[in-house]
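Read through the structure below, which is laid out as structure tokens, and then see the notes.
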Amino acid sequence: MAKTLTKKLTINGGRLYAALKDLGKVGAYKDENSGLVGVNRLALTEKEGEGRRLVIKWFKEAGLKVVVDKIGNVYAKREGQDDDLPPLLLGSHIDSVPTAGIFDGCLGVLGALEVVRTLNDHKVATRRPLVIGFFTEEEGCRFGTDMLGSATATGRLKLADAYQIKDRDGLTVRGELEKIGFLGKTELGHIKPRAYMECHIEQGPILRHKGLDIGVVTGVQAISWRELTILGKSAHAGTTPMSFRKDAGVAASRINVKLREMIASGRYGHEMRATMGSWKVNPGMVNIVPNKVICSIDLRNPSDAFMKKVESELDSFIKVVEKEEGVKIEWRSTAKTPLVPFDESVQQLIADTADSLGLSHERILSGAGHDAQEWSHVCPTAMVFVPGEYDGISHNPREFSAERQCTDGVNVLLNASLAFLND
Ligand SMILES: [Zn+2]
């Protein structure tokens, strides 16, 4: 597939890092808890629109041709000598969780821009075109469906359905795209990439603890999100005997503790993870038994078989809780993706490229979802991870990867890209 390169190009790490910091100013806020400056650039908000326009300005300054598709994904193309060949696609996202750092997603997008800037600096013409993509609502924080843009572009979600999804205030994806000026005209699936690569922070402690420069990502583990609505009965906390209660809060707690017990049992593999991260308790008063809890469950597992087992046993346990606590529990699935393995040949190319640059690396399965998992359904795909400090904390203003770490990752991205661009 890929030709071996004799000469290695290297990026301008200072320029990459400056771009990360500049984009990080859009949506910057002072975090009350840590006193640090974080980023709040929730998808399709005014601030995210501002971030989009800034990155597009940089794309245009680098000579790229920009289009926006019908779900608001942005694609910027650098021409190839044989411009009709399927392009290499590099991408990620610039939307953020409300309490983010400056690296998540942005490293992939601005890393790809740095690849283009480096090719421009060295006046490198490539046979195949290079396209940078950034994709709408990767985080799923605002509209509840992660990888929304890439999943719609690659066919897992239908456009009509994606348009109708509402945020907590009842605002739709379509309406919000229109409001920020990113309801594009380009058809979905307008490009059929030769391959897709994404450089991303690891968002976990493994690479840093092992002292590695690079992670070669083997795939993304299975992910399942649910939203539970538990209906009990409000009652006075002092006058209602315990046997008369239908306490929605107790029901939610029992399910949360059950998940922890399931993990401890080891019967669902040793990598099962479960989190009940969002709780909305009604009426939320100190002296009233809660009549309603809306809560979330986030399940992860590297094995589809174990995930299935977890879900079916959770279903049975929910019925037990309904009966024993006298509550009614309804739930809906808000996200569900199986284990997504990445392309072996692209992984090998990334590993070989890291070797040729003298960078240490290891294969690693991603614990988080990424746009790459969607593109992997349409073309050969893999990812480059870079380590993060403070146990790889992410979705937090403390998120931090040093200039060296980001530079190493993007140098791998650049040189692995050249193999595709000239194949
Ligand atoms: Zn991300």
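This note's numbering puts the first residue of the sequence shown at -7, with every later residue one more than the last. Ideal Cβ placement from N, Cα and C applies to all residues, glycine included.
Assigned exposure category for residue i - 16 Cβ within 10 Å defines buried
| i | result |
| --- | --- |
| residue 25 | exposed |
| residue 413 | buried |
| residue 166 | buried |
| residue 176 | buried |
| residue 156 | exposed |
| residue 328 | exposed |
| residue 114 | exposed |
| residue 73 | exposed |
| residue 366 | buried |
| residue 129 | buried |
| residue 324 | exposed |
| residue 260 | buried |
| residue 307 | exposed |
| residue 208 | buried |
| residue 109 | buried |
| residue 96 | buried |
| residue 256 | exposed |
Proximity winner among the options, relative to residue i (alpha-carbon distances)
| i | options | result |
| --- | --- | --- |
| residue 239 | 227, 250, 231, 248 | 227 |
| residue 399 | 364, 193, 293 | 193 |
| residue 218 | 23, 269, 182 | 269 |
| residue 293 | 42, 388, 320, 258 | 258 |
| residue 27 | 388, 359, 236 | 388 |
| residue 121 | 149, 168, 91, 184 | 184 |
| residue 392 | 65, 99, 43, 56 | 99 |
| residue 379 | 404, 198, 254 | 198 |
| residue 373 | 403, 390, 335, 395 | 335 |
| residue 151 | 187, 369, 287, 141 | 141 |
| residue 310 | 289, 326, 295, 297 | 289 |
| residue 15 | 143, 127, 211, 94 | 94 |
| residue 17 | 54, 5, 370, 44 | 44 |
| residue 286 | 253, 40, 243 | 243 |
| residue 39 | 275, 20, 234 | 20 |
| residue 112 | 128, 138, 71, 42 | 71 |
| residue 302 | 317, 263, 133, 234 | 263 |
| residue 164 | 108, 134, 146 | 134 |
| residue 342 | 170, 117, 376 | 376 |
| residue 187 | 222, 77, 161, 168 | 77 |
| residue 274 | 221, 316, 315 | 221 |
| residue 138 | 118, 385, 326, 322 | 326 |
| residue 338 | 395, 116, 405 | 405 |
| residue 426 | 30, 63, 4, 296 | The structure shown does not extend to residue 426, since the chain spans only -7 to 415, so no value can be given for it. |
| residue 119 | 271, 136, 80 | 80 |
| residue 356 | 340, 348, 371 | 340 |
| residue 55 | 5, 296, 117 | 117 |
Coarse secondary structure for residue i, derived from DSSP in three states
| i | result |
| --- | --- |
| residue 228 | strand |
| residue 399 | helix |
| residue 84 | strand |
| residue 188 | strand |
| residue -6 | The pLDDT assigned to residue -6 is 43, lower than 50, so where the model puts this residue is not dependable; a value taken from the coordinates is nonetheless given after this. Three-state DSSP puts residue -6 in coil, outside helix and strand. |
| residue 417 | This structure gives no information on residue 417, because the portion of the chain shown stretches from -7 to 415. |
| residue 14 | helix |
| residue 377 | strand |
| residue 2 | coil |
| residue 95 | coil |
| residue 77 | coil |
| residue 385 | coil |
| residue 157 | coil |
| residue 295 | coil |
| residue 344 | helix |
| residue 21 | strand |
| residue 41 | helix |
| residue 63 | coil |
| residue 114 | coil |
| residue 283 | coil |
Nonlocal neighbours in the same chain, by C-beta distance under 6 Å from residue i, ignoring five residues either side
| i | result |
| --- | --- |
| residue 278 | none |
| residue 58 | 48, 51, 68 |
| residue 224 | 238, 239, 240, 283, 319 |
| residue 82 | 104, 124, 189 |
| residue 2 | 403 |
| residue 332 | 211, 212, 365, 368 |
| residue 127 | 65, 85, 141, 142, 363 |
| residue 265 | 292 |
| residue 383 | 197 |
| residue 246 | 313 |
Beta-carbon contacts of residue i that lie in its chain and below 7 Å, excluding the five residues immediately before and after
| i | result |
| --- | --- |
| residue 229 | 279, 280, 281 |
| residue -3 | Because residue -3 carries a pLDDT of 47, less than 50, the predicted location of this residue cannot be relied on, and no value is offered for it. |
| residue 299 | 214, 216, 291, 293 |
| residue 182 | 61 |
| residue 8 | 102, 103, 106, 398, 399, 402 |
heavy atom of ligand 2 below 6 Å from residue i C-beta
| i | result |
| --- | --- |
| residue 307 | No copy of ligand 2 appears in this structure; the ligands present are ligand 1. |
Cut-off 8 Å between Cβ atoms - residues of its own chain near residue i, not counting five sequence neighbours on either side
| i | result |
| --- | --- |
| residue 13 | 94 |
>> With three or more beta-carbon pairs closer than 8 Å as the criterion, would you say the segment 27 to 38 touches the segment 76 to 93?
In response: Judged by Cβ distances under 8 Å, the segment 27 to 38 makes contact with the segment 76 to 93, as three or more pairs qualify.
> Are the segment 346 to 362 and the segment 198 to 207 touching by the rule of at least three beta carbon pairs closer than 8 Å?
Replying inline: The segment 346 to 362 is in contact with the segment 198 to 207.
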